[in-house]
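Here's the structure, in structure tokens; my notes come after.
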Amino acid sequence: MHDMTAKKEALSAYQPHPNFAKYHKSFPTTAWMRKRAPKNVPLFAFEYGDTGAGNDVGIDHNWAAFDNIKIVPRYGVTNKLPPVEVELFGQRYNAPIGIAPMGGPSLVWPGADILMAKAAQRARVPYTLSVAGGATIEQAAEAAPDVFWLQLYRFWHDDHKIGFDLMRRAQAVEVKVLTLTLDVPVRTTRSREAYAGLASEFRPNVRMIYEMMVRPKWLLALLRNGYPRFATIDQYAPPRASTNEVIAFARARMGGAFNWEEVKRYRDFWKGPMALKGILHPEDAEKAVALGIEGIWMSNHGGRQIEALVPSIDALPAVVSAVGDKATVIIDSGIRSGQDVMRALALGAKAAFAGKSFLWAVAALGDEGPAQLIDLYIDELKASLGQVGALSAADARNARVLHPGRIEF
Ligand SMILES: Cc1cc2nc3c(=O)[nH]c(=O)nc-3n(C[C@H](O)[C@H](O)[C@H](O)COP(=O)(O)O)c2cc1C
Numbered sequence: 038m039h040d041m042t043a044k045k046e047a048l049s050a051y052q053p054h055p056n057f058a059k060y061h062k063s064f065p066t067t068a069w070m071r072k073r074a075p076k077n078v079p080l081f082a083f084e085y086g087d088t089g090a091g092n093d094v095g096i097d098h099n100w101a102a103f104d105n106i107k108i109v110p111r112y113g114v115t116n117k118l119p120p121v122e123v124e125l126f127g128q129r130y131n132a133p134i135g136i137a138p139m140g141g142p143s144l145v146w147p148g149a150d151i152l153m154a155k156a157a158q159r160a161r162v163p164y165t166l167s168v169a170g171g172a173t174i175e176q177a178a179e180a181a182p183d184v185f186w187l188q189l190y191r192f193w194h195d196d197h198k199i200g201f202d203l204m205r206r207a208q209a210v211e212v213k214v215l216t217l218t219l220d221v222p223v224r225t226t227r228s229r230e231a232y233a234g235l236a237s238e239f240r241p242n243v244r245m246i247y248e249m250m251v252r253p254k255w256l257l258a259l260l261r262n263g264y265p266r267f268a269t270i271d272q273y274a275p276p277r278a279s280t281n282e283v284i285a286f287a288r289a290r291m292g293g294a295f296n297w298e299e300v301k302r303y304r305d306f307w308k309g310p311m312a313l314k315g316i317l318h319p320e321d322a323e324k325a326v327a328l329g330i331e332g333i334w335m336s337n338h339g340g341r342q343i344e345a346l347v348p349s350i351d352a353l354p355a356v357v358s359a360v361g362d363k364a365t366v367i368i369d370s371g372i373r374s375g376q377d378v379m380r381a382l383a384l385g386a387k388a389a390f391a392g393k394s395f396l397w398a399v400a401a402l403g404d405e406g407p408a409q410l411i412d413l414y415i416d417e418l419k420a421s422l423g424q425v426g427a428l429s430a431a432d433a434r435n436a437r438v439l440h441p442g443r444i445e446f
């Protein structure tokens, strides 16, 4: 067992942001945010955050998988909005909803990493910084001291020298959960991103410059926050390296997915809870548990790698029954509403995380977007649980669920 001392102080009753009602009227669901997003940010920025692999069929499958899950309600049980606090890896959070790690969100909206971190801290829900994000580990820790999770890709160069240093830095600022991403063994093409002019480096062409000029809110955010950087890696690159030079530096040292031996090395080094992200097969989940991993983070990378992966939600019941109470199962890929969070809880996930929808929120609403979306998810989750007769977030597990996509292994 690793250091998992429970931090059980009572969380104060959570109050939504004062602007919640105002924004809720204009953006009653994430679909409204997604519709508004490309009107506020350059097309290449929207496409970067929104694209899937190929023709986006993987994204469609993720969404359809959630849409097809139906709950049979029970009435006469409660007329109250149930509590949704949750304990994850020994720590209390206000809701079983988190922000998934994203590289380059500051391209979609300059400053997005820290805005998401602060919103998560305010609401006391998990915030995950990507190692490819636009804030350093230390900056994220300052913005989200109580809810800070970190995700790492595989920096294999020089016997994982950067990878281990990143863990040292994470340990120093008391990152709550360390996550290793396994589901990017090779690079694939995200079609809309490539078509919009984003290659391995950021070199705006004439069209992209025009797109920036006609999006003044985005330009102002750029002026306030500066050009997006691969911030966590900056300090390892040669002094005064440009954004593109840091990207090239990182790419030459990073890549592939952690193999099981490497997972074990990282597990042995890291002193807190660890999750593996991208698991879809129950046998991989069992292998992780055997290595002492506490968290199974189910994901198909939001449909961004290839279209043909199974939706994580369809593989969830099999993974939950494979690991039992030996690990905490959390999930992402396709979450767009509090109802989706409820569906994930009903099928055995302890919490659900969202990626793209946070980018729609920040693009649509600017700086207040992330806080607004967290409140929307919490509001919807409570209403959904209340509607089906669940007495708490955990009680969703007792609901009768119709799940036509469920995979039997
Ligand atoms: C713009 C973008 C960048 C991402 N970068 C990373 C990353 O650096 N590391 C990682 O583990 N996952 C990354 N992901 C995947 C997310 O963590 C998450 O698995 C996915 O977005 C969840 O699906 P959803 O977008 O349908 O909510 C990224 C996703 C997006 C949209």
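Just so you know, this note's numbering puts the end of the sequence shown at 446, numbered straight through with nothing missing. Glycine residues also receive a C-beta, built at the ideal position from the N, C-alpha and C atoms.
Can the beta-carbon of residue i be found less than 7 angstroms from the beta-carbon of residue j?
i	j	result
Q188	P138	yes
A381	V438	no
R290	F192	yes
P348	A68	no
N77	G371	no
A359	P310	no
S336	P119	no
Y164	A149	no
T269	I174	yes
W297	L215	no
Leaving out five residues before and five after residue i in sequence, what residues of the same chain have Cβ atoms less than 7 angstroms from its Cβ?
i	result
S421	G375, Q376, M379
F395	I136, M153, P407, L410
For residue i and residue j, what's the separation of their Cα atoms in angstroms?
i	j	result
A43	G127	Only weak support exists for where A43 lies, its pLDDT of 42 falling under 50; the value from the coordinates is given anyway. A43 and G127: Cα-Cα distance of roughly 4 angstroms.
H61	L413	8 angstroms
A74	F81	12 angstroms
Y85	R71	13 angstroms
Y273	I199	8 angstroms
A154	K213	14 angstroms
L346	G340	8 angstroms
V121	P222	36 angstroms
V94	P276	42 angstroms
R227	I343	9 angstroms
A427	N116	10 angstroms
D362	L328	15 angstroms
F446	A355	7 angstroms
E211	V243	44 angstroms
Kindly indicate which residue of the options has the alpha-carbon position closest to the one of residue i.
i	options	result
I368	T66, D196, I136	I136
L313	F295, D305, F306	F295
G392	L166, Y112, G426, P65	L166
V357	L203, Y247, R434, S63	R434
H400	R252, S228, R229, R261	First, the amino acid is wrong: residue 400 is Ala here, not His. Nearest of R252, S228, R229, R261 to A400, Cα basis: R252.
A231	T218, D220, L219, M245	M245
Y264	P241, F286, T216	P241
I333	W307, A352, Y303, T365	T365
R111	A436, N131, R443	A436
N131	D416, T66, S143	D416
A316	N105, S63, D220	It should be pointed out that residue 316 corresponds to Ile in this sequence rather than to Ala. Closest option to I316, Cα to Cα, is D220.
Given residue i, which residues of its chain have a CB within under 6 angstroms of its CB, disregarding the five upstream and five downstream residues?
i	result
A169	G140
L235	F81, Y85
L259	P147
Identify every residue that forms a DSSP beta bridge with residue i.
i	result
V366	I333
E124	R129
M311	L215
V109	R437
Grab me the residues of residue i's own chain with a C-beta within less than 8 angstroms of its C-beta, minus the 5 sequence neighbours each way, in chain order.
i	result
I284	S237, E238, F239, F267
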